[in-house]
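Quick note, the sequences are listed as chains A and B, same order.
Residue 1 is where the first sequence starts when you use UniProt numbering, and the numbers rise one by one after that.
Residue 1 is where the second sequence starts when you use UniProt numbering, and the numbers rise one by one after that.
Okay, so here's the structure we're looking at.
There are 2 protein chains.
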Amino acid sequence: MSSTDSPPPGPSPDLPPDLSSGLSSGLSSGLSSLRTQNAARVLDLLRTAGAEGISRLELAERAGLTPQAVSKITARLRAEGLVAEAGRRASTGGKPRTVLRLVPGAGSAVGLHLDRDALTAVAVDLAGAPLAERRAPLAFAAGAEAVVDTAVREVSALLDATGVMPFGVGVALPGPLDHATGVLHRVTGFPEWDGFPLRDVLARRLGLPVVVDKDTNAAALGLALAGATWSFAYLHVGTGLGAGLVLGGEVHRGARTGAGEFGHQVVQLDGPLCGCGNRGCVEALCLAAVAAGAPVEAARVLGEGAANLVGLLDVDLVLVGGRTVSADPELYVRGVDAVLAARARRVGGPPVEVRAVDGDRAVREGAVWLVLAPLFGRG
Amino acid sequence: MSSTDSPPPGPSPDLPPDLSSGLSSGLSSGLSSLRTQNAARVLDLLRTAGAEGISRLELAERAGLTPQAVSKITARLRAEGLVAEAGRRASTGGKPRTVLRLVPGAGSAVGLHLDRDALTAVAVDLAGAPLAERRAPLAFAAGAEAVVDTAVREVSALLDATGVMPFGVGVALPGPLDHATGVLHRVTGFPEWDGFPLRDVLARRLGLPVVVDKDTNAAALGLALAGATWSFAYLHVGTGLGAGLVLGGEVHRGARTGAGEFGHQVVQLDGPLCGCGNRGCVEALCLAAVAAGAPVEAARVLGEGAANLVGLLDVDLVLVGGRTVSADPELYVRGVDAVLAARARRVGGPPVEVRAVDGDRAVREGAVWLVLAPLFGRG
DNA sequence: TGCACTTTGGCAACACCGTTGCCAAAGTGG
DNA sequence: CCACTTTGGCAACGGTGTTGCCAAAGTGCA
């Protein structure tokens, strides 16, 4: 199933996966070896193996294919230059296994994190390893054109510096937007952004395919591909409070790609007014506690919201991050964990793991996977 | 993606879909024509078309296949007896289209709804149309063996009456359970059920494949296959309050198949104590309002919970049902809709549709799809 | 009535992918 | 040095969807 819940899956599932599902056209040319899902799966296993590499037989076992199929697939991938042989394992009484490795230099992508006050652009290779990075101040309030100008300038400078021709640019930014069309919605406090077709404008200005998504989704995607787990939620506590959901290994964006509105979950009926117009939102209560210097209470409120989410979706793992969490990660992990553990004891069943992550880094590095993930069948 | 979030998808996605994913083995024999996903998709389109039937060219268009592929697939399905020709369309200037139709009598399944005080067993044909039905009183408190005895007796009587040999038995029942293993968890108030391997016990006693699931999931599955939408939530308000989630066309059961715990979502921090040990659960507040004769307040609380869910998951549609809702469906639809509409106005974007459904009927008829859905690639 | 035209759908050949059978290559150990 | 193990490529095969071609079955105008 595609990551966005598109109504009728037009082409049959076993037709060649179309790379244009999330990107503009013009990318699939020259990468014909990714035609089948199995090739993408093998490539993903090679990515996961990293610099250590992985043998054909291990690939076969993990992909559920015969060794001969893997030989054929990897032969095509080697012909494309995406994969290379890299030494041998020690023998176990017979011919030693040849180790295969993803060729990181075979491709690259750019990740762009647009935050309210700063821009970060990073160029990475096919394995996601950073090649170069640039930061610049940004003013959302200055309007769309100014932000686009800055973004184009920084990305161009980055590409000039690295000399690579990336597959595309993944853009992560806060606030509601339509992932499928790349159009922004009402960003709270910045009404002039409503309806701005960021994806198409950037794509035209840069001459590259562009994918935009919420920062929380980008972070969740990156964490999923870094191997977090099959099913988890990433809670981002920054200037706002949002969630990125990974369900069944894929980012869940919902019918209108608006999923993840965790912060405006009501946990206090008729509670204090929130900026969104609701009363008793998790975000209002949590951030008010932070502002009042009561982080323990903030963590408890966050935990109650997380417990609601865990009960509803039954995820394996809850990750917390963002500027607020970074101030005292242990405190938030303990606070959320306490609420989840208490509920798990009552409901029965194993407790859900809670961990803190560097939120800004997750967003920054996650943005590039908006472009690269489809190559590995994780689009 | 499979409906349960199983960690690493062992076999490759384009291997023949294994019917045993949800059922015991022994079912796939004799149905070799369902090997590929495309055949299952074509069969599902034929099912959706119902008695009116559908032409090969329409199938090709909707399945994203060439007409010739559909000809081959339907030829195999006709050879298996699952599909038959059924008349012709009016000509549009050439050879008239031959209409194909699912043969309902080509198979059957049994749905079993175990409620706290009553049992309903229904036998249906391949299209889901009821063939026969039986009801019997039931006492969960009498223990597992007595309930199993009753279930076996009723299902046997049903099969004797209809004379069919069903593919299997789908069992829907309240309370937490493990869908993957078919083992019950702590049913609130009935501790002796904890750990009871209902699926395997029933399968052995009946000599048939058995699938068990929560009543809310069964209802959601049935509603999804009846064409509700691609992404919706079914909220069941009965003796408890639970949800069945359909995300991207598939029932979301979560990592440990425990998803859908909607009722014990906290919406009133430090609120009144709930039977689960939490404070301020939607279920406690909602049902207390019902008991106090304040259904408007109950609907508002339900709506707040639904709004939290919609924000988090971005579903298209919210369906409400169950005994409490049946008492005054319009009131609950209006109440939930009011809360969702208010939030949609603030957030922007189109409002979410709210509808009432006959909950008991949805569960009863949904149970059979636990068995039949895999045949149509919707497992 | 007859013939040109349109539309449907089957047959045959083909391309693609993964599988099975077989065997060469490259090690270890007695 | 030889038997044995393990890896992995080559060739043939089976299954599936596609393309090219053509027969079947209608409509509509002369």
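Each residue gets a CB set at the ideal place from its N, CA and C atoms; glycine is no exception.
| Check | Outcome |
| --- | --- |
| Buried versus exposed call for Thr-92(A) [16 or more other C-beta atoms within 10 Å across all chains shown] | exposed |
| Nearest-angstrom beta carbon gap, Asn-278(A) and Arg-343(B) [assumed within contact, 8 Å] | 7 Å |
| Nonlocal neighbours in the same chain, by C-beta distance under 7 Å from Ala-373(A), ignoring five residues either side | Leu-221, Leu-225, Gly-379 |
| Residue closest to Ala-136(B), alpha-carbon to alpha-carbon, out of Val-122(B), Arg-204(B), Ala-127(B) | Val-122(B) |
| Three or more C-beta pairs below 8 Å linking the segment 109 to 125 of chain A and the segment 64 to 77 of chain A | no |
| Chain-ordered neighbours of Ala-333(A) on chain B, where CB pairs are closer than 9 Å | Here residue 333(A) turns out to be Val, not Ala, going by the sequence shown. Those do not exist, as Val-333(A) stays about 20 Å from chain B at its closest Cβ, beyond 9 Å. |
| Supposed contact pair Ala-243(A) and Leu-309(A) - C-beta distance, whole angstroms, cut 8 Å | 7 Å |
| Runs of beta strand (DSSP E) wholly within the segment 230 to 255 of chain A (minimum 3 residues, chain order) | 232 to 237, 241 to 247 |
| Under the three-state DSSP convention, the category Ser-25(B) falls into | For Ser-25(B), the predicted model reports a pLDDT of 28, less than 50, meaning its position is unreliable; a value from the coordinates is still stated below. In this structure, Ser-25(B) counts as coil in the three-state DSSP scheme. |
| Coil, strand or helix - Leu-43(B) by DSSP | helix |
| Assumed close pair Leu-241(B), Cys-286(B) - CB separation to whole angstroms, cut-off 8 Å | 6 Å |
| Interfacial residues, the segment 57 to 85 of chain A to chain B, with Cβ spacing under 9 Å | Arg-62, Ala-63, Gly-64, Leu-65, Ala-69 |
| Ala-129(A) in three-state terms, based on DSSP | coil |
| Proximal residues, the segment 307 to 331 of chain A versus chain B, C-beta separation under 9 Å | Ala-307, Asn-308, Leu-309, Val-310, Gly-311, Leu-312, Leu-313, Asp-314, Val-315, Asp-316, Leu-317 |
| Chain A residues whose Cβ lies nearer than 7 Å to that of Arg-256(B) | Asp-314, Gly-349 |
| Members of the segment 257 to 269 of chain A that neighbour chain B once the beta carbon cut-off is set at 8 Å | Thr-257, Gly-258, Ala-259, Gly-260, Glu-261, Phe-262, His-264, Gln-265, Val-266, Val-267, Gln-268, Leu-269 |
| Supposed close pair Leu-198(A), Val-212(A) - CB separation, criterion 8 Å | 5 Å |
| Any C-beta of chain B under 8 Å from that of Ser-91(A) | no |
| Residues, ordered as in the chain, of the segment 175 to 189 of chain A that lie near chain B by beta-carbon distance below 8 Å | Pro-176, His-185, Arg-186 |
| CB contact flag (Ala-132(B), Ala-151(B), <8 Å) | no |
| Residues of the segment 205 to 224 of chain B whose Cβ lies closer than 9 Å to any Cβ of chain A, in chain order | none |
| Interface partners of Trp-193(A) on chain B, CB under 8 Å | Per Cβ cutoff of 8 Å: no residues; Trp-193(A) is ~12 Å from chain B at best. |
| Close beta carbons around Ala-109(A), own chain, < 7 Å, minus the five adjacent residues each side | Val-124, Pro-166, Phe-167, Gly-168, Gly-170, Val-368, Val-371, Leu-372 |
| Burial state of Leu-102(A) (16 or more Cβ within 10 Å) | buried |
| Contacts around Asp-194(B), its chain only, beta-carbon distance under 8 Å, and the 5 residues preceding and following it disregarded | Leu-184, His-185, Arg-186, Val-187 |
| Interfacial residues, the segment 242 to 254 of chain A to chain B, with Cβ spacing under 9 Å | Ala-243, Leu-245, Leu-247, Gly-248, Gly-249, Glu-250, His-252, Arg-253, Gly-254 |
| Leu-247(B) vs Leu-247(A) beta-carbon contact at 8 Å | yes |
| Limits of the alpha helix (DSSP H) - the one that Leu-206(B) falls within | 198 to 206 |
| Cβ pair Val-320(B), Ala-356(B) closer than 8 Å | yes |
| Where the beta strand (DSSP E) containing Val-110(B) begins and where it ends | 108 to 114 |
| Nearest-angstrom Cα separation, counted from Gly-258(B) out to Ala-288(A) | 33 Å |
| Euclidean distance between Cα positions of Thr-36(A) and Val-237(B) | 45 Å |
| Assigned secondary structure, Gln-265(B) (DSSP; H/G/I helix, E/B strand, else coil) | coil |
| Coarse secondary structure for Pro-137(B), derived from DSSP in three states | strand |
| Touching by the beta-carbon criterion (3+ pairs, under 8 Å), the segment 333 to 348 of chain A and the segment 266 to 285 of chain B | yes |
| Test: Trp-369(A) CB closer than 8 Å to a CB of chain B | no |
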